[in-house]
């Protein structure tokens with residue numbers, strides 16, 4: 270059966286089938302190859318897109334804007350709106366849907382993007398919430414396809430660090446949907462919440478995925494034969510008061526050369542959604558070094574800059590996968 274996603278929201282990959290996710294990955298690869306060949310499609314010509322941002326961004330904003338411009342769409346970047354202040358989420362959704370063909374939201378609460386979608390008559394795309402980050406995971410899956418010589422349903426991915434954050438949740442969903450072997454290597458108190466895990470285990474029964482959880486005492490078992498090692502920052506936006514707590518909890522989970530070696534896979538790749546605190550060349554990195562004596566946090570600079578690291582390919586793929594999302598839900 271042909272797949273059509275026209276008119277669909279992208280709030281979480283939990284709402285999509287394996288086949289629909291693969292369709293988005295295939296479309297992403299096709300659009301990427303056409304961009305590199307200089308082929309201009311104008312698939313979104315005449316479309317108007319609004320980017321509704323509560324949280325700061327580099328990749329998400331730039332990826333959406335360039336992807337839209339590449340295909341001929343117009344973009345409004347909207348911050349400081351009245352949503353939630355003088356105007357309800359419901360009313361905001363109804364107003365924006367009168368102006369725009371698609372709405373992207375990047376902010377704090379998953380409930381906000383869900384509410385926007387409930388009251389909008391145009392597609393709504395989740396650019397990040399505290400719970401989920403589906404556009405990032407599509408970029409991750411495309412990057413894995415490009416750099417691993419085996420199909421996704423034969424890939425083992427190990428997520429190291431704070432597994433109950435939006436990336437831990439989103440990667441678990443994406444991996445379960447695509448039949449992957451997914452491992453959370455994290456302190457038990459930072460594993461994904463039971464409700465999500467139980468739902469994904471049910472998905473895994475259908476897709477053949479394998480889901481495991483380990484803490485640092487079993488790191489050798491967790492990392493053995495991994496094809497992908499993934500990590501994210503230890504402190505998410507809005508949690509800046511938790512640096513001391515997370516450093517104590519997660520110091521042993523820093524991705525180092527030892528982690529790479531424990532995979533026993535010379536072709537293992539390292540991924541990170543970025544930004545990364547792999548050195549002290551940022552205000553926050555310098556402040557953490559001053560307060561806690563750490564020059565690196567979630568990943569060592571050695572690993573970040575190594576041949577295993579594909580983080581900038583991954584960052585580029587945000588643009589191609591976001592373009593595919595917009596084309597698929599507005600045109601295809």
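Residue numbers (the numbering used here): 270 to 601. Using N, Cα and C, we set each Cβ at its ideal position, and we do this for glycine too.
Item: Rounded C-beta distance between residue 435 and residue 401? I'm assuming under 8 angstroms.; Value: 6 angstroms
Item: Report the residue from 481, 412, 393 whose alpha carbon sits nearest the alpha carbon of residue 467.; Value: 481
Item: I need the DSSP call for residue 266, collapsed to helix, strand or coil.; Value: Look at the range of the chain in this structure, 270 to 601, and you will see that residue 266 is not part of it.
Item: Applying the 10 Å Cβ sphere with the 16-neighbour rule, what's the burial state of residue 453?; Value: buried
Item: Just checking my contact of residue 412 with residue 582 at CB under 8 angstroms: how many whole Å lie between their CB atoms?; Value: 5 angstroms
Item: On the DSSP letters alone, give me the boundaries of the beta strand (DSSP E) that residue 354 sits inside.; Value: Unbroken run through residue 354: none, as it is neither H nor E.
Item: What did DSSP end up calling residue 550 once you bin it into helix, strand or coil?; Value: coil
Item: Report buried or exposed for residue 567, applying the criterion of at least 16 other Cβ atoms within 10 angstroms of its Cβ.; Value: buried
Item: Mind checking who residue 588 pairs with in its DSSP beta bridge?; Value: Answer by DSSP bridge pairing: none, since residue 588 is not bridged.
Item: Going by the CB atoms, is the gap between residue 364 and residue 356 shorter than 9 angstroms?; Value: yes
Item: Identify every residue that forms a DSSP beta bridge with residue 497.; Value: 426, 538
Item: May I ask you to verify whether the segment 526-539 touches the segment 386-402, counting CB pairs closer than 8 angstroms and requiring at least 3?; Value: no
Item: Go ahead and label residue 273 buried or exposed: buried means 16 or more other beta carbons lie within 10 angstroms of its beta carbon, across all protein chains shown.; Value: exposed
Item: Kindly indicate the opening and closing residues of the alpha helix (DSSP H) around residue 363.; Value: 358-368
Item: Is DSSP giving residue 310 helix, strand or coil here?; Value: coil
Item: Report yes if the CB atom of residue 523 is closer than 9 angstroms to the CB atom of residue 569, and no otherwise.; Value: yes
Item: Can you tell me where the beta strand (DSSP E) with residue 375 in it begins and where it stops?; Value: 371-375
Item: What residues are listed by DSSP as bridge partners for residue 516?; Value: Residue 516 pairs with nothing; no bridge assigned.
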